[in-house]
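Here's the structure we're looking at; comments come further down.
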Amino acid sequence: MKKAVMLLAVLVAVTILAPAAFAQETGGPGGKGVLAIAAGFGMALAAFGAALGQGRVASAACEGMARNPGAAAAIRAAMILGLVFIETLALFTLAIIMLKV
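Numbering-wise (our numbering), the sequence shown opens with residue -5 and increments by one.
Listed below in structure tokens is the structure:
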């Protein structure tokens, strides 16, 4: 429970600080520093979400293959497609962060 509250507090802090970081002028002192910190938090959250999603997909696929070995090929194909979509979201996040910073 404590970890969930701490994670929620970090998410709220990032949500509050990110718009201010993106609204700052690039020529002012300290503008890039806050933007880089917000971008780092954003990429960390994207990587965490992608890893959590990929773990759940792999777990469900393994369970499905164990229950029905005859459908292993179809399950494997669907799993790989799902993993590609999840990883693509993380890569899009990285690309957007690199363009903004």
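All C-beta atoms in this analysis are idealised placements derived from N, C-alpha and C, irrespective of residue type, glycine included. Fair warning: this is a prediction, and the values are worked out from it, not measured in the lab.
In the three-state reduction of the DSSP assignment, Val51 falls in the helix class. Here the stretch 44 to 54 lies against the stretch 74 to 82, with 3 or more beta-carbon pairs under 8 angstroms apart. Taking the C-beta atoms as reference points, Ile91 is found nearer than 9 angstroms to Gly36.
With 16 or more other Cβ atoms from the protein chains shown falling within 10 Å of its own Cβ, Ile69 counts as buried.
Per DSSP, the continuous alpha helix (DSSP H) segment holding Val78 begins and ends at Ala66 to Lys94. Here the C-alpha atom of Ala(-2) lies approximately 15 angstroms from the C-alpha atom of Val8.
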